[in-house]
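Working notes for the structure below.
There are 2 protein chains.
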Amino acid sequence: MKQVEIITIGDELLIGQVVDTNSAYMAAELNKWGYEVLCVTSVHDNAQQIQEALAVAEKRADVVLLTGGLGPTKDDITKHTLCRYFGTTLTYRQDIREHLERLYANRHDVLNRLTDTQCLFPANAMLIANQVGSAQVMCWQRAACTVISMPGVPYEMMWCMEHGVGELLRSLSADAGQIIHRTVQVYGIPESSLALLIGGWEDALPAQMRLAYLPKDGIIRLRLSGYGVTAGQMDAQIQQLLAILDAQTTDRLPSPADKGLAFATEDLPVEVLLGRVLKQRGQTIASAESCTGGKIAERLNRHAGSSAFYYGSVVAYDNSVKEHVLHVPAEDLAQYGAVSEPVVRQMAEGVRTLLHTDYAVATSGIAGPDGGTADKPVGTVWIALATPEGTYAHCFHLGKLRDQITDRAATVALVWMWKMLS
Amino acid sequence: MKQVEIITIGDELLIGQVVDTNSAYMAAELNKWGYEVLCVTSVHDNAQQIQEALAVAEKRADVVLLTGGLGPTKDDITKHTLCRYFGTTLTYRQDIREHLERLYANRHDVLNRLTDTQCLFPANAMLIANQVGSAQVMCWQRAACTVISMPGVPYEMMWCMEHGVGELLRSLSADAGQIIHRTVQVYGIPESSLALLIGGWEDALPAQMRLAYLPKDGIIRLRLSGYGVTAGQMDAQIQQLLAILDAQTTDRLPSPADKGLAFATEDLPVEVLLGRVLKQRGQTIASAESCTGGKIAERLNRHAGSSAFYYGSVVAYDNSVKEHVLHVPAEDLAQYGAVSEPVVRQMAEGVRTLLHTDYAVATSGIAGPDGGTADKPVGTVWIALATPEGTYAHCFHLGKLRDQITDRAATVALVWMWKMLS
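Protein chains in written order, with my numbering: chain A, 3 to 424; chain B, 3 to 424.
See the structure below:
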């Protein structure tokens, strides 16, 4: 198994202005290609820190991947630092100039003297093309270690990983074993109860396999990682796990309060699982959202291909929208309040009728920080599903923090709908 | 200036299954309290790696913050590892047991023997309470270094930072100088042109101040960081910067193609800036979204207090919704296509009329990966603003990748609306 260290460079990562999403993306790709990521280190745009981190990583790993600090502005120093580290100087490359001219013409823009500095490239480095941005990838091979420096702009880094960097890394790891991950998502059971349920199976796992629990928003992802094992050995273990889980499922739907659990054998967002079932059935869905404010809509159409099953949504944040667009009677809003069973049922039915879909989900809740009462504290969320067979509604208590409540409400609604259809 | 190292623990971070958002949050808080974050290291749930990273960090930093690996399941080993590292053993704490019983009663759940293991706590560690979760914070002070181990669940970690951990850290740094960051957001100019425009000012900055450029989705955040300087010194520099930017602004709105730039002096998302202006004016907004699919809605109501200016949205993904809910004529959809000026104008006007708001934004574009033509390639997005003074529409070309296109479209629409009102 080849080993990689990732170094992400940028003050913004260390003052909390930007979340490092690059290393997660790289790690997932690297695992597929047979690399284990030993550790990720984030350092400042500081020559000494970059060099120190690189020196440590170069000793431990077969490959060191750096991202960030390759922009044309003064705060970006990675290229100069690497030149000193590898004892070389910059030369002007006409091939980069030609690439930049094409790139800027496409953007209806022209090069200026600052962007022109991107044509300077370390004399002893190998160039790996970045066709979607101005900073080119630098690669050095020294002793047993390959050092690759990529831009930090996520979509540029991804493009490079998908193209030249990925090709190189796959060729370097041709003989290595693979790390295989299998994830089973489980809904409807607390983490510790699940751990007790499957504890016997977990204890009997072979030494090269490790199990991890990743709970979030009421979903527990069980990840089994196998090091140097075959896909068949992994699948055999997963089948045992699924048999244990299967014995716990029931058909007591459509109540979401049902204690029976549900599970999925792919590590895909629930909206993708739901979309797939809808597509197979040739059916459609819409949402009527108060507290989730568009989160369900955004998740349903985030992934390509959603037009096959997703028509649209009404975000009914203000009561006037619930009344005039979704036709929730004003007297119900007055009598029961917006966060109530009658209102959420009529929201779901209203959007289903309005948009002519097979299914509809609706949410109405108190996301806080204000608006909670003794009766309906912050975190109270009514969710309804309107279906050809009738409408179902349930009240959930989803936490105390605004984001947590609305994220969970969107997830719960999507999981409930998916459980009902699958 | 006191120095911190952050160590985030979890296999999920190193195989790309979870993005580490914790360290960014912690870093931002730490800066406010006068701490500089030297580096962030992510390691596996592996005793040797945790100990090695901790040993290095303990030597370099005044404070080491660890997150993750404190769950009750077998994959979580941080507590046991720290016991060995600090030469101690676990003892059963009745005070933790009482806390857990209260916590589980609130969740309508009971303790089982696995969750009961959370009552075991290192004998020589100081306990800092985590009232929103089961894993308690462990703190050791040894030589000149304070080591604090927090849960990895983001909202639990945040709660601890806001309460006991924050209190301790603020007391430890009472005498330290502060790191001050000021951010100016600039819209409507490429990064390299901006760098040339303000290059003279940047070169004249004092040595204790550093400037960084953070471009994303057409917004460039200029961050000025001051180490051991006063707020007055920072403000004086920012005023000079604003004067340079101000000379470049024009009043040629409402065309978004306007080359004049706009800027904001706070590091807040544009939807917060827009919401604030709307609130001041007592005006309201809605959105009609095709390709952005709810992203504008979700951003407008993500932040507490949005009910003052945000009424709702129609996500009109399918043409039937554009026609029947927003009253875009079928003949216009047929003649011009959904991604066209007449359609996007009528979407904006349709939702403004339907929801009785002062303003409305609408989007219709080709987010890909399919659906592009020579005439309207992937990335083509029409955006319209309906206002009391009339409706404005403009065609943008926003890249090649689905997420990038829809994120940028949402940002462009919000920026354009904000520029018009501010």
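The beta carbon of each residue, even a glycine, is placed where N, CA and C say it ideally should be.
Computed from a predicted model, the values in this text were never measured in an experiment.
Three-state class that DSSP yields for residue i in the structure shown
i, result
"methionine 163 of chain B", "helix"
"threonine 359 of chain B", "coil"
"serine 175 of chain B", "coil"
"histidine 183 of chain A", "strand"
"lysine 261 of chain B", "With a pLDDT of 43 at lysine 261 of chain B, under the threshold of 50, the modelled position of that residue is not reliable, and no figure is offered here."
"proline 156 of chain B", "helix"
"methionine 211 of chain B", "strand"
"threonine 117 of chain B", "helix"
"valine 353 of chain A", "helix"
"threonine 136 of chain B", "First, the amino acid is wrong: residue 136 of chain B is serine here, not threonine. In the structure shown, serine 136 of chain B sits in coil (DSSP, three-state: anything other than H, G, I, E or B)."
"valine 414 of chain A", "helix"
"alanine 131 of chain B", "coil"
"isoleucine 368 of chain A", "coil"
"alanine 395 of chain B", "strand"
"threonine 408 of chain A", "helix"
"glutamine 19 of chain B", "coil"
"alanine 146 of chain A", "coil"
"lysine 4 of chain B", "strand"
"leucine 400 of chain A", "coil"
Backbone CA spacing between residue i and residue j [nearest angstrom]
i, j, result
"glycine 296 of chain A", "glycine 70 of chain A", "33 Å"
"alanine 259 of chain A", "alanine 146 of chain A", "The predicted model places alanine 259 of chain A with a pLDDT of 49, which falls under 50 and marks its position as unreliable; any figure quoted below should be read in that light. Spanning the two alpha carbons is a distance of roughly 57 Å."
"valine 112 of chain B", "glycine 190 of chain A", "16 Å"
"asparagine 108 of chain A", "leucine 275 of chain A", "38 Å"
"threonine 1 of chain B", "lysine 324 of chain A", "Residue coverage of chain B in this structure runs from 3 to 424, which leaves residue 1 of chain B outside it and unanswerable."
"histidine 183 of chain B", "glycine 36 of chain A", "41 Å"
"glycine 373 of chain B", "proline 379 of chain B", "8 Å"
"leucine 72 of chain A", "arginine 95 of chain A", "16 Å"
"glutamine 5 of chain A", "isoleucine 200 of chain B", "43 Å"
"valine 65 of chain A", "aspartate 118 of chain B", "42 Å"
"valine 417 of chain A", "valine 272 of chain A", "6 Å"
"threonine 23 of chain A", "glutamate 333 of chain B", "44 Å"
"threonine 171 of chain A", "threonine 148 of chain A", "The question names threonine, but residue 171 of chain A is leucine in the sequence shown. Straight-line Cα distance between these residues: approximately 9 Å."
"leucine 105 of chain B", "cysteine 121 of chain B", "13 Å"
"valine 167 of chain A", "phenylalanine 123 of chain A", "17 Å"
"asparagine 48 of chain A", "methionine 3 of chain B", "17 Å"
"glutamine 285 of chain A", "glutamate 291 of chain A", "20 Å"
"lysine 402 of chain B", "alanine 306 of chain A", "13 Å"
"lysine 261 of chain A", "leucine 84 of chain B", "Residue placement at lysine 261 of chain A cannot be trusted, given a pLDDT of 43 that sits under 50; what the coordinates show is reported in the next sentence. Those two C-alpha atoms are separated by around 37 Å."
"glycine 2 of chain A", "aspartate 377 of chain A", "Examination of residue 2 of chain A is not possible in this model, given that chain A is present from 3 through 424 alone."
"alanine 30 of chain A", "threonine 185 of chain A", "13 Å"
"isoleucine 240 of chain A", "alanine 415 of chain A", "27 Å"
"alanine 411 of chain A", "valine 383 of chain B", "30 Å"
"threonine 413 of chain A", "phenylalanine 265 of chain A", "14 Å"
"arginine 144 of chain B", "alanine 364 of chain A", "54 Å"
Cβ-heavy atom distance, residue i to the ligand HEM, below 6 Å
i, result
"isoleucine 17 of chain A", "No copy of the ligand HEM occurs in the structure displayed, which carries no ligand at all."
Own chain residues within Cβ distance below 6 Å of residue i, not counting five before or after
i, result
"alanine 388 of chain A", "Ala350, Glu351, Arg354, Ala362"
"valine 42 of chain A", "Ile8, Ser25"
"leucine 423 of chain B", "Val279"
"proline 344 of chain A", "Asp334, Tyr338"
Neighbourhood of residue i by C-beta, 7 Å cutoff - its chain only, sequence neighbours within 5 removed
i, result
"asparagine 303 of chain A", "Tyr312"
"glutamate 193 of chain A", "Tyr215, Pro217, Ile222"
"histidine 46 of chain A", "Asp13, Leu16"
"leucine 196 of chain A", "Val188, Ile222"
"alanine 310 of chain A", "Lys281"
Contact set for residue i: own chain, Cβ-Cβ below 8 Å, skip 5 residues either direction
i, result
"leucine 174 of chain A", "Lys4, Asp64, Val65, Thr148"
Item to complete: Return the residues of the region 26-48 of chain B that lie within a Cβ-Cβ distance of less than 9 Å from chain A, sorted by chain order.
Response: Cβ contacts with chain A: Ala26, Tyr27, Met28, Ala29, Ala30, Glu31, Leu32, Asn33, Glu38, Val39, Leu40, Cys41, Val42, Thr43, Ser44, Val45, His46, Asp47.
Worksheet entry | Contact list for the region 71-93 of chain A against chain B, Cβ threshold 9 Å | Gly73, Pro74, Thr75, Lys76, Asp77, Asp78
Fill in: Whole alpha helix (DSSP H) elements within the region 23-103 of chain A, 4-residue minimum
The DSSP assignment places complete alpha helix (DSSP H) segments of no fewer than 4 residues inside the region 23-103 of chain A at 24-34, 49-62, 80-87, in order along the chain.
Worksheet item: In chain order, which continuous runs of the alpha helix (DSSP H) of length 4 or greater are located wholly inside the region 265-347 of chain A?
Response: 272-283, 297-303, 321-326, 332-338
Fill in: Contact list for the region 297-318 of chain A against chain B, Cβ threshold 9 Å
Lys297, Ile298, Ala299, Glu300, Arg301, Leu302, Asn303, Arg304, His305, Ala306, Gly307, Ser308, Ser309, Tyr312, Tyr313, Gly314, Ser315, Val316, Val317, Ala318
Worksheet entry | Proximal residues, the region 110-140 of chain B versus chain A, C-beta separation under 8 Å | Under the 8 Å Cβ criterion, the region 110-140 of chain B contributes Asp111, Asn114, Arg115, Leu116, Thr117, Val134.
Fill in: Residues from the region 214-238 of chain B in contact with chain A, defined by Cβ distance under 9 Å
Ala214, Tyr215, Leu216, Pro217, Lys218, Arg223, Arg225, Ser227
Worksheet item: When you check each C-beta in the region 177-195 of chain A against every C-beta of chain B, which residues fall closer than 9 Å?
Response: Within the region 177-195 of chain A, the residues whose Cβ lies closer than 9 Å to any Cβ of chain B are, in chain order, Ile181, His183, Thr185, Pro192, Glu193, Ser194, Ser195.
Discussion item. Along the region 352-365 of chain A, where does the CB come closer than 8 Å to a CB of chain B? Name the residues.
Written reply: Against chain B - using a Cβ distance shorter than 8 Å - the residues of the region 352-365 of chain A are Leu356, Leu357, His358.
Practice prompt. Give, in chain order, every unbroken run of the alpha helix (DSSP H) that is at least 4 residues long and sits entirely within the region 189-239 of chain A.
Written response: You should have 193-199, 201-205.
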